[in-house]
Every structure is written in C-alpha cells, then in structure tokens.
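The structure under discussion appears below in the form of structure tokens.
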Amino acid sequence: GIGTHAPGYSGRLRSNLAQALGMTVTAPQEKVLDIVHPKFPDEKLGTLTVSRFTNDAHDREVIYYELTWSRISDPAKAAIAFDNSAVFARQRASLNNMAKGFVNDVSPDPLVYVGAGRSRILTSVIQSMCWMYSRTWDTLPTQPEACLPTDPLFSSRLAIDNLAVFTHSLGSRISIDALTATAQIVDDDAPRNPAARKLKELFQNETIPVFMMANQLPLLQAGFEPAAIRGENAAFCTPGSSRYADRMFRAVNIVAFSDPNDLMSYAIPDRFVQEYLDSRLCPTATNVTLNITPVRSVPVLGDVADPLSAHSDYEADPVVIGLMIKGLGQNTTAPIVKDRCTWIRTDESLR
Numbered sequence: 193g194i195g196t197h198a199p200g201y202s203g204r205l206r207s208n209l210a211q212a213l214g215m216t217v218t219a220p221q222e223k224v225l226d227i228v229h230p231k232f233p234d235e236k237l238g239t240l241t242v243s244r245f246t247n248d249a250h251d252r253e254v255i256y257y258e259l260t261w262s263r264i265s266d267p268a269k270a271a272i273a274f275d276n277s278a279v280f281a282r283q284r285a286s287l288n289n290m291a292k293g294f295v296n297d298v299s300p301d302p303l304v305y306v307g308a309g310r311s312r313i314l315t316s317v318i319q320s321m322c323w324m325y326s327r328t329w330d331t332l333p334t335q336p337e338a339c340l341p342t343d344p345l346f347s348s349r350l351a352i353d354n355l356a357v358f359t360h361s362l363g364s365r366i367s368i369d370a371l372t373a374t375a376q377i378v379d380d381d382a383p384r385n386p387a388a389r390k391l392k393e394l395f396q397n398e399t400i401p402v403f404m405m406a407n408q409l410p411l412l413q414a415g416f417e418p419a420a421i422r423g424e425n426a427a428f429c430t431p432g433s434s435r436y437a438d439r440m441f442r443a444v445n446i447v448a449f450s451d452p453n454d455l456m457s458y459a460i461p462d463r464f465v466q467e468y469l470d471s472r473l474c475p476t477a478t479n480v481t482l483n484i485t486p487v488r489s490v491p492v493l494g495d496v497a498d499p500l501s502a503h504s505d506y507e508a509d510p511v512v513i514g515l516m517i518k519g520l521g522q523n524t525t526a527p528i529v530k531d532r533c534t535w536i537r538t539d540e541s542l543r
C-alpha cells in the first residue's frame, strides 16, 4: 500500500492471521530475499520477507510472504523531503504539520505507480507471487535471483498449496494489475513455451481470494483504460461456455473491506467489475462495510471518526480477521462475525 514501509511492517496482520488459524509455532528466523529481475539489471526492486508457521502437531503450515517495494518510490519522496525540514515545519500548526508529513509520505506512491515506477512495482509483485507458487520454505533461494520459467521448480506449488493475497490501499490496484499481467504474459508465451503452458493450465484451475483492506480499485481506475476484455464474465467463467478454455483463472474472488469513515476506501459495485476488470480473471467482488474505528460525538462539530485510524487499522479488527479466515454464513464462521454481521447474498440467477 501507500506510504514508506520497512520489512516487518505487516507484523500485526501476520500475527493475527496466524493466531486465528491456530498456528502457534513459528520458525526462529525469517528468510529475506531481494527482488531482482533481468529486465532491471543491477537494481533491487523490493524485499520479500518470508515467515513460517505451523500448528502444534506440525501437520499444517502457513508460509507468509511480505513484500516491501518502497525503495522504488523513495527517490520521488526525496525530491520533496525538504518540506519536512524544520525550516518549513516550524511555520505550521502541530496537527497540520503531522498531516503534511503524512501527505508527503503517501501522495508520491500512486503517482510513481501510474508513472515511471509502474513497471518496476509490477515486476516486484509478480516476482514475489512467482516465488510463492514455485518454492517451498526449504528451497527458497539464499542469494538474489529471479524467479523464471527456466527454474525446474517453477509453478510446482500451485497444485499443492492454497494461495491467498492480502492487500492494503494502493496494493488493491497493484495486486489485480499483477494478476492480470502475469496471466497475460503466460498466455502470450504458452504457444511456444512448455513451462508457460503448464502454468496456464494450473492458473485456469486456481481460485485466488484477494482480501483488500481500504480498497481503492474504483478510485485508482482514474487514469487507466478499462480492461481490453470486459463485460464477458459469463462467456469466460461458466463451465461449458464459448470461451471457458480462454479464461486466466477459475476465479479471482475479491473481498473489499471498507470503513465508511475511511476517506480513501471504496466499495466495488458489480457494475465496476463488469465494466472495468478483465473478464478472463473471472472476478467476483464481495463488499464488507464495517466501522474499524469508533464514531464519537464532538460538541459543535457533530459526529466524527478518526480517518487515519479508519484507513490503517483493518488488520487489527477481529471481525476482519474472522471473515478472512473463517468466512461468512458457514458452520465454521467465527462467533464474533455471527454476532456482529448481517449480510445479503447475491444470486446470479437474478441478473
């Protein structure tokens, strides 16, 4: 997501997910990989921090991959770093100075992504996903190298592991773009590359949940063209339909979490899925609206909720964690979700 992040920034989410999954044992050390790619020689495109968790019986495990790509947008932030200096900061009221520091840290990221850094950021995410579906904990590289189709272990985990993607803020747009770009690269290479053909077949049988906290897909669609193939979900995603063999995934199930008081988060209406997202992803969207931060009454001003907390604290909310891990409307649904949530089910037969 937006903002400058150091490795370990998602520790709170990682711990809460592990606890909810009953993963009470962890490896003593994380593994750290520098993301590199031949397209950008002599550049490090990010840091992938990998953690391992198991239950007490050691018969279930979670491998957690955390990507930080802040180094790609750091040069853009350096260009306005002078504005954080005491020369300018002392002229501001204290609260306004805090807000200005936040703006200076986060506003360059989406600009870098839609501009000069887009290819680097997407490559960083695509490489991270490649390591996720190609290697086990024991076979992860110890030196910087690219994850490429020439690797004998390329895509070897897709048919074995259950994959899920967790994003925040700007990460929602980047993750969908990375899934689309990966599948398109594979589709283009499949006619002449056996490894790409195998990966395409595996992708077509893969259902990938993408949990978006502080989702920004509709906002960040501004400035982008809609997907080349859209509004044809039924043709690509219904078994036996005319273009089912051309799908990229079995399904990409988006779960969009939004606090109505989060100024930078948006629900995803079905119209947006149909008109803007690539039909070959077989995308669906489930919207979850909840108050991450409490609403308080302030004299004169009226009701107010901290917008920063509403944007940043999804990963600490027990309802969010419960929905991610145990879903909704099932026997296994977390008790806190059953107590606090109501829902409306969408029926495609009514379309």
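This note's numbering applies: residue 193 is where the sequence shown begins, and numbers increase by one. Using N, Cα and C, we set each Cβ at its ideal position, and we do this for glycine too. In this text, all values refer to a predicted model and were calculated from it rather than measured experimentally.
What span of residues does the beta strand (DSSP E) with isoleucine 255 cover, start to end? As a first step, residue 255 must be located in the sequence shown, where it is residue number 63. Note, isoleucine 255: beta strand (DSSP E), 253–260.
Helix, strand or coil for aspartate 226 per DSSP? As a first step, residue 226 is located in the sequence shown; it is residue number 34 there, counting from the start. In this structure, aspartate 226 counts as strand in the three-state DSSP scheme.
Please go through the region 454–541 and give each complete beta strand (DSSP E) segment of 3 or more residues, from N-terminal end onward. The region 454–541 contains these whole beta strand (DSSP E) runs: 475–481, 488–490, 494–496.
Backbone CA spacing between tryptophan 535 and arginine 488 [nearest angstrom]: Locating residue 535 in the sequence shown gives position 343, counting from the first residue. Locating residue 488 in the sequence shown gives position 296, counting from the first residue. Each residue's alpha carbon lies about 25 Å from the other.
Integer Cβ distance of glycine 195 from aspartate 297, believed to fall under 8 Å: In the sequence shown, the residue the question calls residue 195 occupies position 3. In the sequence shown, the residue the question calls residue 297 occupies position 105. The Cβ separation is near 5 Å, so the contact holds.
Would you give the residue range spanned by the beta strand (DSSP E) that phenylalanine 403 belongs to? Numbered from 1 along the sequence shown, position 211 holds the residue referred to as residue 403. Segment 399–405, the beta strand (DSSP E) holding phenylalanine 403.
Please return the same chain residues whose Cβ sits closer than 6 Å to the Cβ of alanine 382, not counting the five positions on each side in sequence. Counting from 1 along the sequence shown, the entry for residue 382 is found at position 190. Hits under 6 Å: Ala388, Arg389, Lys392.
CB isoleucine 264 to CB valine 304, shorter than 9 Å? By 1-based counting over the sequence shown, the position of residue 264 is 72. By 1-based counting over the sequence shown, the position of residue 304 is 112. Closer than 9 Å, so yes.
Using the Cβ count rule (16 or more neighbours within 10 Å means buried), how would you classify proline 302? In the sequence shown, the residue the question calls residue 302 occupies position 110. Proline 302 is buried by the Cβ-count criterion.
Span of the beta strand (DSSP E) around phenylalanine 245: The count along the sequence shown starts at 1 and reaches residue 245 at position 53. 238–246 is the span of the beta strand (DSSP E), which, as asked, contains phenylalanine 245.
Helix, strand or coil for threonine 359 per DSSP? Residue numbering aside, residue 359 sits at position 167 when the sequence shown is read from its first letter. In the three-state reduction of the DSSP assignment, threonine 359 falls in the strand class, which pools E and B.
Apart from the five residues just before and just after leucine 362, which ones in its own chain have a Cβ nearer than 8 Å to its Cβ? In the sequence shown, residue 362 corresponds to position 170, counting from 1. Gly193, Ile194, Asp301, Pro302, Tyr305, Gln408, Leu412.
Below 8 Å on the Cβ atoms is my contact criterion, and I expect proline 510 with isoleucine 528 to pass it. Report the Cβ-Cβ distance as a whole number of Å. Against the sequence shown, residue 510 aligns to sequence position 318. Against the sequence shown, residue 528 aligns to sequence position 336. Contact between proline 510 and isoleucine 528 holds: their C-beta atoms lie close to 5 Å from each other, under 8 Å.
Taking proline 230 as the reference, which of Ser311, Gly494, Val217, Leu209 has the closest Cα? Here residue 230 is taken as the residue at index 38 of the sequence shown, counted from 1. Answer by Cα proximity: Ser311.
So asparagine 479 and alanine 459 are supposed to be a Cβ contact under 8 Å. How far apart are they, rounded? Looking up residue 479 in the sequence shown gives position 287. Looking up residue 459 in the sequence shown gives position 267. For asparagine 479 against alanine 459, the beta-carbon gap comes to about 4 Å, under 8 Å, which counts as contact.
Test item: CB-CB of leucine 225 and leucine 205 under 9 Å: Here residue 225 refers to the residue found at position 33 of the sequence shown. Here residue 205 refers to the residue found at position 13 of the sequence shown. Taking C-beta atoms as the reference points, leucine 225 and leucine 205 fail to come closer than 9 Å.
Identity of the residue in His197, Met404, Tyr325, Ala356 nearest aspartate 343 by Cα: By 1-based counting over the sequence shown, the position of residue 343 is 151. Comparing alpha carbon positions, the residue from His197, Met404, Tyr325, Ala356 closest to aspartate 343 is Tyr325.
Determine the closest residue to alanine 268 out of Ala278, Ser243, Ala308, with distance taken between C-alpha atoms. Numbered from its first residue, the sequence shown carries residue 268 at position 76. Nearest option by C-alpha distance: Ala308.
Closest by C-alpha distance to cysteine 339, when choosing among Ser316, Asn354, Ile352, Val357: Position 147 of the sequence shown, counting from 1, holds the residue named residue 339. Residue Ser316 is the option with its Cα nearest to cysteine 339.
Looking at leucine 482 and phenylalanine 449, is the spacing between their C-beta atoms short of 9 Å? Translated into positions along the sequence shown, residue 449 becomes position 257. Translated into positions along the sequence shown, residue 482 becomes position 290. Cβ distance < 9 Å, so phenylalanine 449 and leucine 482 count as in contact.
Taking the beta carbon of threonine 372 as the centre, do at least 16 other beta carbons fall within 10 Å, making it buried, or is it exposed? Numbered from its first residue, the sequence shown carries residue 372 at position 180. By the neighbour-count rule (16 or more Cβ atoms within 10 Å), threonine 372 is buried.
C-beta contact flag for valine 242 and glutamate 258 at 9 Å: Locating residue 242 in the sequence shown gives position 50, counting from the first residue. Locating residue 258 in the sequence shown gives position 66, counting from the first residue. Yes, these two residues count as a Cβ contact at 9 Å.
What does DSSP give as the partner residues of valine 279 in its beta bridges? Working through the sequence shown from its first residue, we reach residue 279 at position 87. For valine 279, which the question treats as bridged, DSSP gives no partner whatsoever.
Bridge partner(s) assigned by DSSP for isoleucine 446: Mapped onto the sequence shown, residue 446 falls at position 254. Per DSSP, Val402, Ala477.
Contained beta strand (DSSP E) runs [length at least 3] in the region 321–400, N- to C-terminal order: You should have 357–360.
From glutamate 327 to serine 347, what distance separates their C-alpha atoms? Looking up residue 327 in the sequence shown gives position 135. Looking up residue 347 in the sequence shown gives position 155. Correcting the residue identity first, residue 327 is arginine in this sequence and not glutamate. Each residue's Cα considered, the two are about 8 Å apart.
Let me know if alanine 273 comes out buried or exposed under the rule of 16 or more other beta-carbons within 10 Å of its beta-carbon. Here residue 273 refers to the residue found at position 81 of the sequence shown. With fewer than 16 Cβ atoms within 10 Å of its Cβ, alanine 273 is classed as exposed.
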